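In this note's numbering, the protein residues as written are 29 to 172.
Note that the Cβ used here is the ideal one computed from N, Cα and C, for glycine as well.
For clarity, every value in this text was computed on a predicted model and none was experimentally measured.
Step one of this worksheet: look at the structure below.
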């Protein structure tokens, strides 16, 4: 029996989808997987995995285990695992991750840190299209 004010231990949750006609204004805090096909105006925190679909967009900072971007993020991205940016996707902000994959046609405007050391810095306001070799997809890419 739970008493008022007591909480059950936090368990990993399943998949949460922000649909293409939905805009969320505010912070999202979850340890599950979040797929954004609509728009989030606010941060996404503690997500186990974050997937931003081709028509999805986030204006705010992101903290997750793994991040796959096929849409746009205007904010800083911090991943304890991997960040993957798909063709046609754009990230405007600092990226910190343990591993990163930029696919051919991905856009990145900002600074990147892999591990503890910064790897590249873009001039503010400048953009450059990255063209990289094909590599195997992340297993969750099937959700993109």
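Assignment of residue 48 by DSSP, reduced to helix, strand and coil, places it in the coil class.
Between residue 88 and residue 139, the alpha-carbon positions lie close to 16 Å from each other. Judged by DSSP secondary structure, residue 94 falls within the beta strand (DSSP E) whose first and last residues are 90-97. Leaving aside the five residues that flank residue 115 on each side, the residues in its chain whose CB is nearer than 7 Å to its CB run, in chain order, 131, 132, 133, 134. If you draw a straight line from the Cα of residue 142 to the Cα of residue 48, it comes to about 31 Å. Here residue 76 carries a strand assignment [DSSP, helix/strand/coil]. Taking the CA atoms as reference points, residue 76 sits about 14 Å from residue 45. In summary, residue 50 is exposed, with fewer than 16 beta-carbon neighbours lying within 10 Å of its beta-carbon over all protein chains present. Using a 10 angstroms sphere on the CB of residue 43, the tally of other CB atoms stays under 16, which defines it as exposed.
Burial is judged here by how many other beta carbons sit within 10 angstroms of a residue's own beta carbon; residue 57 has fewer than 16 and is exposed.
At the C-beta level, residue 120 and residue 102 come within 7 Å of one another.
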